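Comments concern the structure below.
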């Protein structure tokens, strides 16, 4: 028996982004609008604090008519659409082995339901992939990363309608055929569990159009499960050596106290977070989910054919985002803190970021071991990072706090590998400053590369290396040997 003492030589180091947060050019070269184009920046003092980013049908109409004029930062991103060659060159300088990005669905099919794709959109990603491969950087591509074409919202109310499954599969088949020689790592839906937290973000669903919004979101989730399995089937037919992954926003729950009731509540909360990977990795709905539907009087349209395809085409690997852990209690009284689309009771043993996200490196090791024990499929950390306020001092950004955060999390990932976990790679979110998904601000910065741009899109957009840039470069060079 051999003992693994570190990351394997083929470990995929790199960074992760999303098209809607970096590309910009929302109305260029035939691109249609997506759900992300309707999320506006709201100053902190005006936010409601629910973090759900839900918008009403009335608000949509006011935006479309011009009656409501807001600032929609994801329409502009950081202009990666025009700067990708320079940005990828910087990623290569850091030594990236992989770069996670998404294809903007509405750049390929502007409304989401056309039969013929938009050639200009396809050509753009051809060039991006070619640029990455010229530096020996593997593209890791998410098919749908909070970018449901708005045309599908108008016609079907997004994933609420089963018809969207066929449109997604047609889109997936189109890009698989186009990029079969360029991309071998794919994912279907980013943080698929978010559709039940923010249906508009995760599925282009305007909830106030539905009589039973909760039931609709779980029905839409089922549609995405079926679509994921069908897309996996297509991938295996078109690119046999490619791998398909699912992607979960992992929200590990600890019991608030050692009261068995709190322990049970934490177990149940964890089950509902792992529902998504249970279905996509194991190929079936777990018993606890059947009980959940019954307890909440939710009636879903699930056919035998749906269950058969889900069973036949599970994913090859499990990818996930990890930013924080959470607490569960049957008597949730106490100080709360903010998090990644969900708030939580404050853990007295943990520090928090500038945005209230609880920093828990050991939790990453726990999560990796639990996922490996549960699924025995390769794991891939495709998002982990620190959103923080950065200050330029004499043209430099000294972000030791970010280095400290990443170093501690990567050290725990390394310990998980030593525990026996099969880990494919680590992709830091996001390697270059980008528009925040949850708050649409630039002030919350994650990057190794600073982008001179404020919350209103003003600035030179100049790229500046932070101290963490050289730190991550050295870490990749050593394969984290010196952690």
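Numbering (this note's numbering), first residue to last: 5 to 487. All C-beta atoms in this analysis are idealised placements derived from N, C-alpha and C, irrespective of residue type, glycine included. Everything numeric in this text was worked out from a predicted model, so none of it was measured.
Beta-bridge pairing by DSSP links residue 262 to no other residue. When the beta-carbon positions are compared, residue 78 and residue 40 come within less than 8 angstroms of each other.
The residues 418, 421, 483, 484, in chain order, have a CB closer than 7 angstroms to that of residue 11 in the same chain once the five nearest residues on each side in sequence are set aside. DSSP places residue 240 within a helical segment (H, G or I) once states are collapsed to three. With a minimum length of 3 residues, the unbroken runs of beta strand (DSSP E) contained wholly in the region 421 to 476 fall at 427 to 433, 453 to 455, 467 to 469. Three or more pairs of CB atoms, one per stretch, sit closer than 8 angstroms, so the region 214 to 234 contacts the region 292 to 305.
Rounded to the nearest whole angstrom, the CA to CA distance from residue 395 to residue 471 is 12 angstroms. Between the alpha carbons of residue 148 and residue 251 lies a gap of roughly 11 angstroms. When DSSP assignments are scanned along the region 97 to 138, the uninterrupted stretches of alpha helix (DSSP H) that are 4 or more residues long and fall wholly within it turn out to be 109 to 112, 123 to 138. Distance from the CA atom of residue 459 to the CA atom of residue 90, rounded to whole angstroms, is 23 angstroms. Our two residues, residue 68 and residue 111, have alpha carbons roughly 19 angstroms apart in a direct line.
Annotation: the continuous beta strand (DSSP E) that includes residue 322 extends over 321 to 325. The beta carbons of residue 326 and residue 366 sit about 12 angstroms from each other, so the pair does not count as a contact at 8 angstroms.
Distance from the CA of residue 182 to the CA of residue 126, rounded to the nearest whole angstrom, comes to 8 angstroms. With at least 16 other beta carbons inside 10 angstroms of its own, residue 258 counts as buried.
Where residue 157 is concerned, the enclosing alpha helix (DSSP H) starts and stops at 154 to 160. For residue 156, the closest of 175, 145, 117 by C-alpha to C-alpha distance is 117. Under the DSSP assignment, residue 25 falls in the alpha helix (DSSP H) whose first and last residues are 23 to 26.
At least 8 angstroms separates the beta-carbon of residue 179 from that of residue 227. Shown here, residue 189 sits in a strand according to DSSP, grouped into three states. Residue 141 and residue 87 have their C-alpha atoms some 17 angstroms from each other. Residue 151 sits buried, since 16 or more C-beta atoms from the chains shown fall within 10 Å of its C-beta. For residue 71, the number of other beta carbons within 10 angstroms of its own is below 16, and it is reported as exposed. Here residue 315 is exposed: its Cβ has fewer than 16 other Cβ atoms, across all protein chains shown, within 10 Å.
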